[in-house]
Ligand code: EPU
């Protein structure tokens, strides 16, 4: 007689089977990370990510690790490769929208102090990918290195700014980069002069496949007070033109330098438009803010609504600037 509790192969739902296989890969990788990485390394399962992003929405990471050295990072990548798990590099989460179902696989953060060093030497600054841009801007001012003030107002880490070629106040990150230090997904470290790294408006394509570890930045010798004045001027402009509520910065790329997305959205009368607690800021049309309880689904619906209106009424296809990752709930 057949066992009534055992399902025949045709009765097994493939989705359930693949979810079970994934859960096993995660358990194995979690165990491997615990064995291979030095004691004290942060390794977690089901790590909530909303609080690690400035937008404050989204689900958990299957696995989350904060390696404390280049070798530990390479080992974590190797384990993910062996287990067939995707790897996502999390910066300070200031340009990120994590979907409500969270991120499958391994999320790596370079928040460990090993990756956050900032050292000045003559007119150069050597900084790790985990260093805050604000810290770099202030170190540069103290050392009399001008030209990096625009970093002060970008709420991210150097790694994210390199990946996005982030910019503000008319300057881009790669304007200041002399050398990039990065790691391939196979754990090889490379030092590249900036001229060998192609960049675009709001993108450094090679950092989609490589992990930025840090950079040598350069500026020009300048008086610390002059630098401070410029920083204060930038900060004043930012406070008066950008919202202070949780957001991921600008949602869309500017379609043209002469057509900023914020102005376009403003002209369409969409400021203040809401889906749940997701709202088009009433201060700047390209910032979508979380009024408190927004979900990623609310944010995505709002993005969709604005894109549809821009296309329908102005014939402009707005391109997303915020990085959208993970799975729906
Ligand atoms: N404008 C409006 N209404 C609005 C918003 C803007 O009319 O609701 C007008 C402004 O008056 C100005 C023009 O649009 O004439 C451009 O606005 P703004 O100076 O604020 O600059 P932006 O192009 O909207 C860019 C970057 C920002 C960066 C600022 C400041 C992009 C997509 N955005 O914004 O970067 O902080 O310049 O330099 O390139 C980000 O990337 O996340 C980001 C916030």
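Numbering (our numbering), first residue to last: 43 to 371. We treat Cβ as the ideally placed atom computed from N, Cα and C, and that holds for glycine. Since the structure is predicted, the reported quantities are computational estimates derived from the model, not experimental observations.
Check for me: the beta strand (DSSP E) holding residue i runs from which residue to which?
i, result
"residue 330", "329-332"
"residue 149", "145-151"
"residue 278", "Per DSSP, residue 278 belongs to no beta strand (DSSP E); it is in the alpha helix (DSSP H), 266-283."
"residue 138", "138-140"
Is there at least one non-hydrogen atom of the ligand EPU closer than 7 Å to the beta-carbon of residue i?
i, result
"residue 304", "yes"
"residue 211", "yes"
"residue 246", "no"
"residue 137", "yes"
"residue 308", "yes"
"residue 380", "Summary: the structure shown does not reach residue 380, with the chain confined to residues 43 through 371, and so no result is reported for it."
"residue 295", "yes"
"residue 313", "yes"
"residue 327", "yes"
"residue 283", "yes"
"residue 224", "no"
"residue 208", "yes"
"residue 133", "no"
What residue does the alpha helix (DSSP H) around residue i start on, and which one ends it?
i, result
"residue 364", "Counting along the chain, residue 364 falls outside any alpha helix (DSSP H), and DSSP gives it neither H nor E."
"residue 63", "56-78"
"residue 117", "112-124"
"residue 303", "303-309"
"residue 344", "338-356"
State the beta-bridge partners of residue i as determined by DSSP.
i, result
"residue 289", "331"
"residue 162", "167"
"residue 87", "105"
"residue 130", "149"
"residue 316", "321"
"residue 174", "199"
"residue 157", "In DSSP, residue 157 forms no bridge with anything."
Cβ contact (3+ pairs, closer than 8 Å) linking the segment 178-194 and the segment 254-273:
Verdict: yes, contact present.
Review point. Along the chain, which unbroken stretches of the alpha helix (DSSP H) at least 4 residues long are found entirely within the segment 182-264?
Key: As far as the segment 182-264 is concerned, its whole alpha helix (DSSP H) runs of at least 4 residues are 200-206.
Review point. If we count Cβ pairs, one from each stretch, closer than 8 Å, do we get three or more for the segment 194-207 versus the segment 167-182?
Key: Contact between the segment 194-207 and the segment 167-182 is present, because at least three Cβ pairs lie under 8 Å.
| said: So, does the segment 221-241 touch the segment 140-157, judging by three or more C-beta pairs under 8 Å? | reply: No: fewer than three Cβ pairs fall under 8 Å.
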